[in-house]
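All remarks here apply to the structure that follows.
Chains as they are written, first to last, in this note's numbering: chain A, 412 to 759; chain B, 412 to 759; chain C, 412 to 759; chain D, 412 to 759.
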């Protein structure tokens with residue numbers, strides 16, 4: 412079967428992954444309505460394509476906080492890559508480097524930060540962070556990431572508690588015994604979600620700031636109010652995210668929340684987005700609405716599940732080709748020509 | 412099979428209840444469009460969740476007319492609980508007391524008020540009332556309820572006649588011979604719906620007021636005009652309700668009517684809601700739109716059908732856990748932090 | 412099988428009528444989108460029901476141009492009733508008289524006007540009229556109808572040509588040889604639709620006026636402009652109609668066009684509606700939007716197909732009961748209390 | 412099976428064409444959402460039909476840039492007609508001439524321009540043009556077309572690169588060996604899409620202008636900005652088109668973009684439309700919104716697939732009959748009476 416678009420990889424992963432792993436990756440909270448809205452929302456956005464513009468030279472490169480990437484897509488932080496492919500996050504790191512994009516490694520990786528670094532030396536990577544009740548654990552992770560050359564810290568801010576994902580409850584989901592949350596080994600006697608600190612507030616941004624020189628990106632913002640607070644607390648970037656619809660069901664699609672956040676931020680920090688990206692034209696829509704870059708979660712896992720590093724590269728290359736083509740067909744020769752004029756929100 | 416969410420109990424009840432009982436509980440009027448809208452309307456409401464607020468201590472307790480309850484959900488008045496479980500309303504009363512919430516016992520209970528009281532002494536209960544042509548019958552019920560320690564009277568105001576529920580007509584629904592409308596035994600020679608008085612008007616609130624010191628809550632209001640009249644006639648509470656879609660088909664979903672009623676009332680009396688609550692996040696949405704508490708009807712019956720008192724507690728505990736989690740994920744540490752800012756109504 | 416609602420009669424007719432007859436009655440033009448919209452449009456209208464109003468005495472009688480009817484529903488003109496029941500329009504006339512409502516007999520009846528009159532002497536009837544190229548034919552029909560005691564003339568104005576009903580084309584629909592367009596026997600050598608005059612204009616209202624003392628009702632108006640013209644040309648009533656979706660596909664649902672027509676007319680003439688009425692609450696919605704009465708087409712045919720005169724009475728009695736109940740549940744004790752305040756149009 | 416409407420021809424073509432050919436004709440880009448929107452958008456437009464206007468004489472003729480055609484429908488440029496019928500574009504040309512309408516012959520015809528001309532001498536034809544990197548190729552095509560009596564040049568402006576049509580990728584679509592892009596034979600060594608010039612800009616209109624005296628029509632405009640540019644660069648006509656949804660997925664339905672373009676153009680040039688026309692009433696809607704004429708692509712191919720020249724005439728005759736009937740039922744006696752007043756856009 413030809414792998415032509417991201418849905419082909421999804422179908423493959425659904426067919427060949429163990430059900431418990433597929434369910435875990437696919438899960439949304441409650442009725443999964445926010446997870447599904449993330450995708451549906453793109454269909455309500457219409458392009459206003461322009462014609463007869465010279466699109467013979469297409470430049471899809473852009474920069475994330477000053478670092479150039481080959482196109483405005485990165486890999487969102489997701490856990491447990493060994494569930495998808497034996498080499499786990501090492502494969503992810505290699506694919507991201509090969510594609511010259513940014514990979515946000517999750518705290519809940521099944522490889523250590525050190526293994527990830529060694530797998531793809533010099534790759535552009537950020538590290539995703541939770542805040543533990545025991546702040547020393549978080550501190551040590553930050554220091555390891557900085558020492559290993561990670562170039563940014565992504566603080567996940569929408570998980571004071573874990574969302575209710577019905578299939579995971581039904582399946583009694585847990586990691587198979589031969590996989591570990593390797594980054595946390597030794598940090599806790601037992602390692603569960605309940606170690607997360609639900610008392611975190613904006614002041615903890617200052618604490619995080621004091622630990623590191625790395626830029627801080629905050630992930631999980633969906634309102635203008637929180638966007639304003641993020642800017643005021645000195646973050647360098649915002650990821651508009653609803654955690655793939657896995658946390659609070661009933662929240663907005665990320666692309667629906669994007670415009671509000673972008674308007675509030677007024678260019679003071681970079682704004683990114685994750686959730687629902689399935690085609691190159693989705694990337695173009697998000698950029699038209701003000702995102703500097705988008706990140707893909709589940710599609711990256713489908714790529715891994717297909718053929719590890721190579722499969723993930725296939726996924727990324729398809730997205731890249733589709734994005735380039737969409738950009739050209741919309742009449743833009745480079746990322747800098749993409750703007751709000753390119754889309755209209757349907758009255759739906 | 413794991414019972415993870417309320418739909419699991421619904422599926423169980425549909426499978427194991429006698430068809431005639433399931434149909435009676437499930438029935439809506441005519442095409443059931445209002446019944447279904449009650450549920451669909453929640454999907455059109457989007458949260459605006461806030462992040463990085465200290466949600467380590469979560470207080471979901473609230474008060475109904477001054478009485479504290481463990482979370483803002485109560486049991487709506489529904490009839491004939493013995494159709495769902497042999498012990499009928501006695502089980503309901505026990506579960507409600509165990510969960511520390513308010514149970515509105517229906518006039519059409521298959522246990523007497525006295526049995527209900529004795530089953531769960533000291534429980535927080537209101538009594539639901541119809542107005543009979545023979546006012547003495549209503550008066551006696553009020554006096555019994557007050558004497559038994561019921562703490563409020565809920566006057567059902569949307570049933571001058573019974574709605575047309577097609578399946579009940581087809582099934583020739585009637586109570587099995589071994590079940591009785593026990594609260595009305597001896598009150599009438601034959602006991603049918605036609606004993607209800609369709610001439611009731613707002614003035615009858617004064618009559619009811621004259622019978623009792625209990626607070627009067629009026630159930631069935633869907634417009635600002637009637638909300639204003641309710642306040643002017645001295646009620647203590649309003650239940651925004653369309654009788655689970657069993658009366659006038661084509662009326663609004665209760666959560667759609669809620670904002671209008673809340674705005675008209677301006678805090679002068681408490682406003683509650685029933686209809687369509689299926690998840691903890693539905694409770695949160697109703698509270699964000701101004702409800703002080705919501706009541707569940709059919710889900711309580713599904714819980715009874717599953718395992719009587721225990722099954723109902725399971726249902727309530729799931730709702731409670733989901734509500735607590737939704738509140739936290741939306742950034743609220745207590746019920747008092749829930750407000751209109753937490754939701755936006757979709758343009759749909 | 413119990414016949415509980417109009418859909419039950421529809422299912423019966425679909426099952427037992429010859430396919431060619433069912434298809435003819437069911438047909439809409441082209442994609443049938445207007446036919447289906449007629450029904451769907453009611454679902455977008457929401458009641459604003461009022462409570463605690465004395466609805467012990469319910470008066471559903473109303474008047475059509477001064478003649479009292481038992482409730483605001485009449486029988487729309489449809490052709491070829493013998494396709495549904497051997498006695499054809501004679502049964503229709505008897506059922507209408509028994510129910511004390513208005514029956515608009517179609518020119519394309521399979522019984523003569525004389526037979527219809529004789530079948531139910533003294534019944535309240537209007538006669539539906541087309542305009543033929545040969546005006547003498549129309550004139551003779553008008554004179555016969557007036558002489559027979561018909562009390563109104565309904566001029567169908569939306570059929571300069573017959574709409575394209577795909578199933579009729581596929582089926583090669585034509586009347587079985589033993590049925591005749593009896594009212595036109597002898598009038599034409601061959602009797603086809605092409606005898607209709609597509610050059611008719613508003614001036615022909617004056618011509619029709621000159622032929623008769625009967626009130627003239629014009630059927631097929633969907634815009635305020637034509638409503639204004641109708642009033643100016645001296646008609647006594649308007650039927651907002653799209654011919655059951657059988658003429659121009661893509662036009663508005665009649666209940667969607669109703670408000671515009673009512674507003675234009677400003678009470679100067681009575682406004683009626685046909686199309687899409689399937690429940691008593693649909694009647695209530697149409698009246699709330701300003702219709703004086705509605706007419707049912709296909710449901711009457713289903714009733715005939717079920718059991719002739721009795722079946723049609725069953726259909727009408729169900730509609731009557733449902734209308735009475737809906738009116739009461741919406742808080743109205745009589746037709747005169749129904750008004751625009753009773754509904755809101757959904758934003759859909 | 413009777414061929415009653417265009418969907419009948421679609422069903423036939425889907426059943427009898429080789430899958431690879433059907434897929435090629437049916438293909439849309441990516442998720443095909445724009446392709447499908449082209450059709451769905453018509454369903455959101457409602458007529459405001461007028462009655463009692465003299466529609467006895469119906470004149471559906473109109474003019475394209477001064478040339479009279481039998482009704483406002485033409486044949487859009489589509490490639491590879493031999494995939495549908497052995498005689499290919501020769502049959503198309505004959506059918507178009509027989510129906511007295513305009514046929515826009517595609518550069519990617521499987522017959523030469525000379526063969527097309529010879530097949531139907533004197534037919535009203537335009538020639539559709541791409542801009543090649545090698546401008547001499549385009550120039551020669553223009554000169555051949557002009558010499559052969561083609562009366563207009565249609566510059567396709569929305570194909571700097573070919574859209575991603577998943578089925579074509581899966582099928583490895585290419586022309587069968589016995590079919591050729593005959594108009595380009597000898598022009599290139601290998602003839603692929605990559606010969607198209609993506610650097611084309613508005614200035615190339617001047618270049619094209621310098622080559623020919625024929626009117627220039629630009630195809631692929633979807634915004635008022637580009638419409639204004641087209642007028643300023645001296646084109647004679649605009650085709651509002653999204654290339655049948657085969658280029659940028661996510662763009663607007665053509666009939667949704669039409670009003671914006673018509674308003675911008677203000678009558679300075681003629682505006683046409685292609686995409687989604689499936690019924691005569693769709694034509695009427697497009698004309699009501701300001702199109703001078705519409706063009707059909709896939710329906711023409713279905714007609715060819717059915718029975719070549721005759722089948723295409725069947726399709727066109729059905730459209731013509733449906734258009735005439737719709738116009739009459741909407742109350743217009745001639746094309747000149749069609750206007751914006753005839754439709755309202757639904758709030759959906």
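The beta carbon of each residue, even a glycine, is placed where N, CA and C say it ideally should be.
| Item | Value |
| --- | --- |
| Let me know if residue 488 (chain C) comes out buried or exposed under the rule of 16 or more other beta-carbons within 10 Å of its beta-carbon. | buried |
| Consult DSSP for residue 575 (chain C) and reduce its assignment to one of helix, strand or coil. | coil |
| Which whole runs of the beta strand (DSSP E) in the segment 529-580 of chain B are 3 residues long or more, in chain order? | 536-540 and 564-567 |
| My output table needs one value for residue 527 (chain C): the three-state DSSP class, helix, strand or coil. | helix |
| Compare the C-beta of residue 466 (chain A) against all C-beta atoms of chain D and say whether one is closer than 8 Å. | yes |
| Is residue 476 (chain C) closer than 8 Å to residue 563 (chain C) when the C-beta atoms are compared? | yes |
| Express the C-alpha separation of residue 690 (chain A) and residue 734 (chain A) in angstroms, rounding to a whole number. | 8 Å |
| Excluding the five sequence neighbours on either side, which residues of its own chain have a C-beta within less than 8 Å of the C-beta of residue 421 (chain B), listed in chain order? | 709, 710 and 713 |
| Using a beta-carbon distance cut-off of less than 7 Å, what residues from the segment 723-745 of chain A approach chain D? | 733, 736, 737, 739, 740 and 741 |
| Here's a check: name, in chain order, each residue in its chain whose Cβ is nearer than 8 Å to the Cβ of residue 480 (chain A), leaving out the five neighbours to either side. | 472, 473, 474, 511, 512, 513, 535 and 704 |
| Cα separation between residue 692 (chain A) and residue 614 (chain C)? | 58 Å |
| When DSSP labels each residue in this structure, what does residue 729 (chain C) get in the three-state scheme? | helix |
| Run down chain B in chain order and give the residues with a C-beta less than 8 Å from the C-beta of residue 692 (chain C). | 441, 659, 660 and 661 |
| Whose CA, out of A:419, A:433 and A:450, lies closest to the CA of residue 687 (chain A)? | A:450 |
| Quick check for students: name the residue ranges of the beta strand (DSSP E) that lie wholly in the segment 601-631 of chain A, counting only runs of 3 or more. | none |
| Who are the Cβ neighbours of residue 466 (chain B) in its own chain at under 6 Å, not counting the five residues just before and after it? | 739 and 744 |
| May I ask you to list the residues that DSSP assigns as paired with residue 684 (chain B)? | B:651 and B:705 |
| What residue from A:539, A:544 and A:567 has the CA that sits closest to residue 554 (chain A)'s CA? | A:539 |
| So, at 6 Å on beta carbons, what are the nonlocal neighbours of residue 423 (chain C) in its own chain, with the 5 sequence-adjacent residues on each side left out? | 717 |
| Provide the residue span of the beta strand (DSSP E) that contains residue 474 (chain A), from first to last. | 473-475 |
| With distances taken from CA atoms, which of A:445, A:414, A:442 and A:458 is nearest residue 694 (chain A)? | A:458 |
| Counting C-beta neighbours from all protein chains within 10 Å, is the total for residue 414 (chain A) 16 or more, i.e. buried, or is it exposed? | buried |
| Rounded C-beta distance between residue 490 (chain D) and residue 657 (chain D)? I'm assuming under 8 Å. | That belief does not hold up - the Cβ atoms of residue 490 (chain D) and residue 657 (chain D) are roughly 11 Å apart, past 8 Å. |
| Is the beta carbon of residue 651 (chain A) closer than 8 Å to that of residue 617 (chain A)? | no |
| Closer than 7 Å by beta-carbon distance: list the chain D residues that pair up with residue 606 (chain A), in chain order. | Near residue 606 (chain A) there are no residues of chain D at all, since even the closest Cβ is about 42 Å away, more than 7 Å. |
| Measuring alpha carbon to alpha carbon, tell me which of D:550, D:506, D:434 and D:646 ends up nearest residue 532 (chain D). | D:506 |
| Under a three-way DSSP split, which group does residue 759 (chain A) fall into? | Residue confidence is low: residue 759 (chain A) scores 43 on pLDDT, short of 50, so the model does not pin down where it sits. Its coordinate-derived value is still stated next. Coil, per DSSP. |
| Does the CB of residue 643 (chain B) have a neighbour CB from chain A at under 8 Å? | no |
| So, are the CB atoms of residue 381 (chain D) and residue 628 (chain D) less than 8 Å apart? | The structure shown has nothing for residue 381 (chain D), since chain D only spans 412 to 759. |
| Within 10 Å of its beta-carbon, does residue 751 (chain C) have 16 or more other beta-carbons around it, so buried, or fewer, so exposed? | exposed |
| Contact check, residue 663 (chain C) vs residue 607 (chain C) under 8 Å by CB: the rounded distance? | Contact flag wrong, Cβ pair sits at about 24 Å. |
| Could you give the C-beta distance for residue 706 (chain B) and residue 685 (chain B), rounded to a whole number, given that I count them as a contact under 8 Å? | 4 Å |
| Within 8 Å of any Cβ in chain B, is that where the Cβ of residue 462 (chain C) sits? | yes |
| Can you tell which of C:582, C:753, C:541 and C:508 has the C-alpha that lies nearest to the C-alpha of residue 528 (chain C)? | C:508 |
| Please report whether the beta-carbon of residue 488 (chain D) lies at a distance below 8 Å from any beta-carbon of chain A. | no |
| My output table needs one value for residue 467 (chain C): the three-state DSSP class, helix, strand or coil. | coil |
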